[in-house]
Amino acid sequence: MNAVTPATPELTAAERDRILAKTALFNPPPITTADGRRELVGLSREELAAEMVAMGEKPFRAKQLWHWIYHQGVTDFAAMSSIAGPMRAALAERFVVGRPQATEVQTSSDETRKWLFRWRDGQEVETVYIPDRHADRGAVCISTQVGCTLSCRFCHTGTQKLVRNLGAAEIVGQFMAARDSYAEWPSPKDDQPRLLSTIVVMGMGEPLYNYENTAKALRIIMDGEGIGLSRRRITLSTSGVVPMMDRCGEELGVNLAVSLHAVTDELRNEIVPLNRKYPIRELLDACRRYPGASNARRITFEYVMLRGVNDSEAEARELVRLLAGLPAKINLIPFNPWPGSPYQTSTHEQTARFAAILNDAGYSSPIRRPRGRDILAACGQLKTESERERKAAG
Ligand code: SF4
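In our numbering, the protein residues as written are 1319 to 1712.
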């Protein structure tokens, strides 16, 4: 049964503080280069202004820098032409504007692109660009942790132990490096077309177990004078860290996606073990409270279709019952098998029957097209394979 049931606001707050304190233990140190220069990507506006003051400059210089870093996408201080030469030299002595190193890039025949990005301490995560079928826009799926603590059974990343959280620089840096790859600088205005048009925080890791860094990164990405992606274009996906969901909605106001995958606690305890702490009822209560959820901004429920496990018509009907009254949309995801995975993908016919029940009940329930099947497409698989190859070579 459920071990932690935050029944009152005080208990919820205490549980939230406990999660924040525990997850902070996995934070990376501030990023500096081998010669001691500090990374500017990932600093808040206030932190950037404080750095300017510390070097004897006026705080407004931070605004100029912000524009060059996040609007123009410039990484070389020498190219920041609105800043006088001596100051550019002084900045280059103290700071860097970095990007992760792409140690692998794979592009699928369907144009899905996957990067394995490496940070200065050698840790790696995956980032994926999934173009829309019209190919004039698409989603960047970013990671928030190296590995994951949650061991969801259908997920390859869940087989990798948590190494550490990503810092804000590393979370924003994935999106900036993806933009470099598609030459999408300077930042288009929010109403202009762009290839990298949305972000899904759905890659490696549980973002609500790295809330502070994720929130800082998303604030930077949403800043209208920089990258300028609005909160409506960002979806954060959680396995259901209930005590953090309210805060995420209140402070960030981004779209919410929930990895549901089962309609009974018994099965969800097995597929998404976090359910033992925060069972379905509590999770759905938190969804009902989620600020900003409406028919115009529905909560997305992710449901991976596992043959003979969670894909019966009775389960589809139970899902309809559970979601009653929630502004919801359900993404049905064909399972992406990986070596050693314990599940098989549901048949197309069964997935269609499941979807029909949800559709008849009024829920939009698209069946996701499998993407990037010809590359190492399961989340976390590229990292594992590249480590294996490196060990074999070394
Ligand atoms: S689905 Fe997400 S939360 Fe679950 S193990 Fe995979 S990365 Fe972690």
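Positions of the beta carbon are idealized from the N, C-alpha and C atoms, including for glycine.
- No Cβ-Cβ contact shorter than 7 Å links Gly1523 with Cys1459.
- Bounds of the beta strand (DSSP E) holding Val1446 are Glu1442 to Pro1449.
- In the DSSP assignment, Lys1647 forms a beta bridge with Thr1618.
- Leu1468 has its CB nearer than 6 Å to a heavy atom of the ligand SF4.
- Shortest Cα-Cα distance from Thr1553 to any of Arg1586, Thr1582, Ile1517 and Arg1537 involves Ile1517.
- Annotation for Lys1381: no beta strand (DSSP E) segment contains it, though the alpha helix (DSSP H) segment containing it runs Arg1379 to Trp1384.
- The beta-bridge partner set that DSSP reports for Glu1588 is empty.
- Under the three-state reduction of DSSP, Met1373 is assigned to coil, being neither helix nor strand.
- Rounded to whole angstroms, the separation of the alpha carbons of Ala1495 and Thr1393 is 11 Å.
- In the displayed model, Gly1456 falls within a strand according to three-state DSSP.
- Within its own chain, the residues whose Cβ lies closer than 7 Å to the Cβ of Arg1436, once the five positions on either side in sequence are excluded, are Pro1418, Gln1419, Thr1421 and Glu1442, listed in chain order.
- Of the heavy atoms belonging to the ligand SF4, none sits nearer than 6 Å to the Cβ of Glu1364.
- DSSP places Thr1475 in the helix class (H, G or I) of the three-state scheme.
- At a Cβ-Cβ threshold of 7 Å, Arg1537 and Val1572 do not count as neighbours.
- In the structure shown, Lys1340 adopts helical secondary structure according to DSSP, grouped into three states.
- Per DSSP, the unbroken alpha helix (DSSP H) holding Ile1538 starts and ends at Tyr1529 to Met1540.
- Nearest neighbour of Arg1412 by Cα position, chosen from Arg1356, Met1405, Pro1449 and Gly1391, turns out to be Arg1356.
- Excluding sequence positions up to five before and after Ala1646, its CB lies within less than 7 Å of the CB of Arg1616, Ile1617, Phe1619 and Tyr1681, all in the same chain and listed in chain order.
- The C-alpha of Ala1332 lies about 16 Å from the C-alpha of Glu1530.
- Secondary structure of Leu1640 (DSSP, three-state): helix.
- Residue state for Met1623 is assigned as strand, using DSSP reduced to three classes.
- At a cut-off of 4 residues, the continuous stretches assigned as alpha helix (DSSP H) that sit fully inside the region 1658 to 1682 are 1666 to 1678.
- Comparing alpha-carbon positions, the option among Leu1574, Pro1506 and Glu1633 lying closest to Glu1543 turns out to be Pro1506.
- Scanning Lys1709, Ile1545, Pro1657 and Ala1611 for the CA closest to the CA of Gly1360 turns up Ile1545.
- Secondary structure note for Phe1435: it is in no alpha helix (DSSP H), and the uninterrupted beta strand (DSSP E) holding it is Arg1431 to Arg1436.
- Taking the Cα positions, Thr1477 is about 13 Å away from Leu1700.
- Of all alpha-carbon atoms in Arg1336, Ala1380 and Glu1588, the one lying nearest the alpha-carbon of Ser1469 is that of Glu1588.
- Approximately 6 Å separates the beta-carbon atoms of Leu1640 and Leu1602; this is inside 8 Å, confirming the contact.
- If you look at Ala1487, you'll find it isn't in any beta strand (DSSP E); it sits in the alpha helix (DSSP H) that goes Ala1486 to Ser1499.
- In this structure, the C-beta of Thr1475 approaches the ligand SF4 to less than 6 Å from one of its heavy atoms.
- Beta bridge pairing from DSSP links Gln1699 with no other residue.
- Ala1397 has its alpha-carbon roughly 18 Å from the corresponding atom of Arg1497.
- Placement of the Cβ of Glu1524 at a distance of less than 6 Å from at least one heavy atom of the ligand SF4 is found.
- Excluding the 5 residues flanking it on each side, Ser1664 has same chain C-beta neighbours closer than 6 Å at Met1623, Arg1625 and Asp1629, in chain order.
- Runs of the alpha helix (DSSP H) spanning 4 or more residues and lying entirely within the region 1541 to 1614 occur at 1560 to 1569, 1583 to 1589 and 1598 to 1607, in chain order.
- Taking a 10 Å sphere around the C-beta of Pro1561, we find 16 or more other C-beta atoms and assign the residue as buried.
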